[in-house]
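Numbering (numbering that gives the first Met the number 0), first residue to last: 0 to 219. Glycine residues also receive a C-beta, built at the ideal position from the N, C-alpha and C atoms. Remarks on the structure that follows.
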Amino acid sequence: MVEVKTSITVKQVLALLKREYGVPEWKPDHTPISVLVQTILSQNTSDINSTRAFESLLASFSSWESVANADIDAIEQAIRCGGLGGVKARCIKQVLREIERKRDKLELDFLSRLPLSQARDWLEQLPGVGVKTASCVLLFSLGMPALPVDTHILRVAKRLGLINPDQSAVKAHQLLGRLVPSQDIYQFHILMIEHGRTTCQARRPLCQGCVLKELCPSYT
DNA sequence: GCCCAGGTGGGTA
DNA sequence: TACCCACATGGG
């Protein structure tokens, strides 16, 4: 019963967000490896810092193979500007080496031929790759219906009452993944992030002029 | 000076 | 299972 009620709310949320921010269209403009590294760099990091680190990494190495073979110190040097450099340098190198070991080459396109759950499990066995990072790779580079739930989506979904306030991020992946229809996942993700970054910010518990005001219980 | 940022994994109870 | 913490840098 709850699912029926909240699925209607997801449609309402989507309609209002589309009206406000436009309709995002999915296009596979990055390889899975590229999205994987980019997402690792974005873990618990602002988009300004993670973009800076990713561009610095691209400028420092000619290929992902060269990153895989580089010293951790060299990788750390390249991505230091993004924060968490030591952790992420080790993680990126280990992930790339592990993919090479398992697949003989640095490509992940085979994942699109697996059932979603198997593709997710394969990615989550890589070091430093959790449910959010795996979902980003599957959704953005391969167009598979996996919904990444980051801090913005978690916050907005809780404020809207789509999920309980005490729900963990991991649990939220399961709950929101069931609530949002497969064909809407990409748009839902993009629009919720946009809303969370611009209007429904963590420091602004009551968002003045919020496009979702009519749906948001925290306004009442 | 503090809080937060497109998380994850290890440790502990 | 659920919580707590380290990891690091930069913007608001």
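- Where ALA88 is concerned, the enclosing alpha helix (DSSP H) starts and stops at 84-102.
- Inclusion of ILE39 and THR132 in the CB contact set at 8 angstroms is warranted, their separation being smaller than that value.
- DSSP places LYS131 inside the alpha helix (DSSP H), whose first and last residues are 130-135.
- Here ILE47 is exposed: its Cβ has fewer than 16 other Cβ atoms, across all protein chains shown, within 10 Å.
- Residue state for GLY81 is assigned as helix, using DSSP reduced to three classes.
- By the criterion of at least three beta-carbon pairs nearer than 8 angstroms, the stretch 107-116 is in contact with the stretch 138-151.
- By the Cβ rule, the stretch 180-188 does not count as touching the stretch 156-165, because fewer than three pairs are nearer than 8 angstroms.
- For CYS80, the closest alpha carbon among the candidates CYS209, LEU153, CYS206 and SER49 is that of SER49.
- Taking C-alpha positions only, GLY84 is separated from GLU75 by approximately 5 angstroms.
- Taking all protein chains in view, the Cβ of ALA14 is surrounded by fewer than 16 other Cβ atoms within 10 Å, so the residue is classified as exposed.
- When the Cα atoms are used, GLN166 and ILE192 turn out to be separated by approximately 18 angstroms.
- The DSSP-derived three-state label of LEU138 is helix.
- Burial of ASP149 is indicated by the presence of at least 16 other C-beta atoms within 10 angstroms of its C-beta.
- In the displayed model, ALA69 falls within coil according to three-state DSSP, outside both helix and strand.
- The way I'd put it, the stretch 119-133 doesn't touch the stretch 15-28; fewer than three beta-carbon pairs between them come closer than 8 angstroms.
- With 16 or more other CB atoms across the displayed protein chains lying within 10 angstroms of its CB, GLN37 is buried.
- For GLY195, the enclosing alpha helix (DSSP H) starts and ends at 184-197.
- Within its own chain, the residues whose Cβ lies closer than 7 angstroms to the Cβ of LYS87, once the five positions on either side in sequence are excluded, are ILE39, LEU40 and ILE78, listed in chain order.
- Annotated three-state conformation of PRO147 is coil, per DSSP.
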